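All the letters of the sequence shown, read from the start, carry residue numbers 44 to 337 under our numbering.
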Amino acid sequence: MIAVLGATGRVGRHVAAELAGRGIEARALVRRPDVGLPLPAVHADLEAPATLSAALEGVERMLLLAPHGPNQEQHEAAIIDAAVAAGVRRVVKISGSAPSLGPNGPTPTAVAHWRGEQRIERSGMQFIFLRPSFYMQNLLETVAPTVAATGVLASPFGRAPIAMVDVRDVAACAAAVLLDDEAGERAWQPTGPRPVNFERIADYLGVRHLKVPVKLTARVMRRRGLPAFEVEHAARMAAYFAAGSDGVATNDVERLTGRPPRPVEAFLDEQADAFRPASRLARILSHTTTKEHI
């Protein structure tokens with residue numbers, strides 16, 4: 044039996060669909076079991092550790108993808124301890140990007156990921172850590188709205204290379220190591236096929252690129268009413284990526300899944316409508332170029 048914690052999230056829902064499609068015996072651990080999922084859902088509330096033991100009964104392998112937030116470390120500790128008590132043998136944890144992990148990571152989330160990994164290593168359970176880079180799907184939330192509204196791709200990342208990865212490739216890696224009986228204890232770093240930068244992404248989309256200061260990005264987020272935790276996290280991660288800290292691509296996706304990772308061009312083409320300037324003014328402000336490979 045495989046348990047999927049995080050089955051309603053961006054990565055976890057693809058893992059759940061993959062397991063269901065293969066007919067694997069698995070269950071989703073969720074706060075609200077009535078949500079529509081391809082797997083049977085059982086109640087598991089990380090704020091109520093007493094609910095976890097029943098949810099993990101009979102589970103041998105678990106995907107750990109705790110929700111991002113100020114209580115992430117406590118939530119991961121609760122599910123890890125419950126997994127040990129329930130006799131779970133293997134944990135696959137979706138962690139933070141490899142260069143960010145450590146006791147002095149750039150954000151509290153990065154530190155929480157590192158502490159979660161440390162706790163798992165001490166637990167005696169077999170472990171596999173997946174440490175993906177920047178998700179391509181983040182572009183839909185961070186830059187697509189501005190491109191559509193203004194014809195300008197504004198970002199605080201400048202020309203720094205980032206080894207972006209599609210969440211579907213991360214999910215495929217997770218499913219692969221959950222199902223591989225020979226998977227050893229190690230960490231993998233799923234990335235796209237090569238690093239890219241936002242200036243080249245703007246060129247590919249045929250719009251202008253504008254580098255904005257990290258402080259301005261944080262100010263805009265605060266005006267939008269985002270929680271202080273999210274603003275601080277985004278600002279710190281923007282500075283981290285802008286420094287070129289996560290710009291090395293690996294071949295881990297292909298090694299784990301047998302196929303190459305999706306390039307960012309394929310993702311941008313797939314989501315072309317979201318990145319298209321929507322008004323006449325936005326089209327005027329943008330510029331038209333011939334698409335070139337990034």
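Ideal Cβ positions, reconstructed from N, Cα and C, are used throughout, including at glycine. As the structure is a prediction and not an experimental result, all values here were calculated from the model.
Considering only C-alpha positions, which residue in the set Leu106, Thr189, Ala69 is nearest to Arg319?
For the purposes of this step, residue 319 is taken as the residue at position 276 of the sequence shown. Checking every option, the nearest Cα to that of Arg319 belongs to Thr189.
I need the straight-line Cα distance from His3 to Thr234, nearest angstrom please.
One cannot answer for residue 3 here, as it falls past the ends of the chain, which runs 44 to 337.
Tell me the residue span of the alpha helix (DSSP H) that contains Met264.
Start at 1 with the first residue of the sequence shown, and residue 264 comes out as number 221. Run containing Met264: 257 to 266, per the alpha helix (DSSP H) assignment.
Any idea which residues DSSP pairs His86 with across the strands?
Translated into the one-based positions of the sequence shown, residue 86 becomes position 43. Paired residues: Val73.
Nearest-angstrom Cα separation, counted from Pro238 out to Thr332
As a working mapping, residue 332 is identified with position 289 in the sequence shown. As a working mapping, residue 238 is identified with position 195 in the sequence shown. In this predicted model, Thr332 has a pLDDT of only 49, less than 50, meaning its place in the structure is not dependable; the value taken from the coordinates is given anyway. Cα-Cα distance, rounded: 21 Å.
What's the C-alpha gap between Val263 and Leu269?
In the sequence shown, counting from the first residue as 1, residue 263 sits at position 220. In the sequence shown, counting from the first residue as 1, residue 269 sits at position 226. Near 9 Å, if we compare the C-alpha coordinates of Leu269 and Val263.
CA nearest to the CA of Arg56, picked from Arg65, Ile67, Ile45, Leu80:
Taking the first residue of the sequence shown as position 1, residue 56 is located at position 13. Looking at the Cα atoms, Leu80 is the closest of the given residues.
In the DSSP output, which residue or residues are listed as bridge partners for His252?
Taking the sequence shown and counting its residues from 1, the one referred to as residue 252 is at position 209. Its beta-bridge partners are Leu196.
On a Cα-Cα basis, can you pick out the residue from Gly167, Thr293, Asp223 that is closest to Asp36?
Absent from the model: residue 36. The displayed extent of the chain is 44 to 337, so no value can be given.
Skipping 5 residues on each side, what residues in its chain have a beta carbon closer than 7 Å to that of Ala281?
The residue given as residue 281 occupies position 238 in the sequence shown. If we look at Ala281 and ignore the five residues flanking it on each side, its Cβ neighbours are Pro199, Phe200, Val257, Thr260.
Would you list the residues sitting across from Met105 in a DSSP beta bridge?
For this step, residue 105 is matched to residue 62 along the sequence shown. Answer is Ala46, Val134.
Buried or exposed by the 16-neighbour rule on C-beta atoms within 10 Å, applied to Glu90
Counted from its first residue, the sequence shown places residue 90 at position 47. Per the 10 Å Cβ criterion, exposed.
Could you tell me whether the Cβ atoms of Val134 and Val220 are closer together than 8 Å?
Numbered from its first residue, the sequence shown carries residue 134 at position 91. Numbered from its first residue, the sequence shown carries residue 220 at position 177. No.
What would DSSP say about Arg305, mapped onto helix, strand or coil?
One-based indexing of the sequence shown puts residue 305 at position 262. If DSSP states are grouped into helix, strand and coil, Arg305 belongs with coil.
Fully enclosed by the stretch 154 to 212, which alpha helix (DSSP H) runs are 4 residues long or longer?
181 to 185, 187 to 193
Could you confirm whether any beta carbon from chain C is found closer than 8 Å to the beta carbon of Pro83?
Although the question refers to chain C, the structure presented lacks it and comprises just one protein chain.
Where Arg305 and Val73 are concerned, what is the direct C-alpha to C-alpha distance, given to the nearest angstrom?
On the sequence shown, position 262 is the one that residue 305 refers to. On the sequence shown, position 30 is the one that residue 73 refers to. Each residue's alpha carbon lies about 29 Å from the other.
Please tell me whether Val85 and Ala93 are closer than 8 Å, where the distance is taken between their beta carbons.
For this step, residue 85 is matched to residue 42 along the sequence shown. For this step, residue 93 is matched to residue 50 along the sequence shown. Not closer than 8 Å, so no.
How many Å lie between Ala223 and Gly290 at the Cα?
Residue mapping note: residue 223 aligns to position 180 of the sequence shown, counting from 1. Residue mapping note: residue 290 aligns to position 247 of the sequence shown, counting from 1. Checking the displayed sequence, the identity of residue 223 turns out to be Asp instead of Ala. In a straight line, the C-alpha of Asp223 is about 29 Å away from that of Gly290.
Close beta carbons around Thr293, own chain, < 7 Å, minus the five adjacent residues each side:
For the purposes of this step, residue 293 is identified with residue 250 of the sequence shown, where counting begins at 1. Closer than 7 Å at the Cβ level, and outside the excluded window around Thr293, lie Gln232, Thr234.
Report the rounded CA-to-CA distance for Val250 versus Asp316, giving the unit in angstroms.
Here residue 250 is taken as the residue at index 207 of the sequence shown, counted from 1. Here residue 316 is taken as the residue at index 273 of the sequence shown, counted from 1. Their backbone Cα atoms lie some 14 Å apart in a straight line.
Where Asn147 falls, given that 16 or more other Cβ within 10 Å makes a residue buried:
Looking up residue 147 in the sequence shown gives position 104. So Asn147 counts as exposed.
How big is the Cα-Cα spacing for Leu95 and Ala217?
In the sequence shown, residue 95 corresponds to position 52, counting from 1. In the sequence shown, residue 217 corresponds to position 174, counting from 1. Roughly 22 Å between the two C-alpha positions.
Which residues mark the beginning and the end of the beta strand (DSSP E) in which Ala230 is found?
Within the sequence shown, residue 230 is the residue found at index 187, counting from 1. Taken as a continuous stretch (DSSP letters only), the beta strand (DSSP E) holding Ala230 covers 229 to 231.
Between the Cα of Met179 and those of Val54, Asp246, Ala285, spot the shortest distance and give me the residue it belongs to.
Here the question's residue 179 lines up with position 136 in the sequence shown. Comparing Cα positions, the closest option is Val54.
Under the rule that 16 or more other beta-carbon atoms within 10 Å means buried, what is Gln115, buried or exposed?
Taking the first residue of the sequence shown as 1, we reach residue 115 at position 72. Result: buried.
Return helix, strand or coil for Val54, following the three-state DSSP convention.
Stepping through the sequence shown from its first residue, residue 54 is reached at position 11. Val54 falls in the coil class under three-state DSSP.
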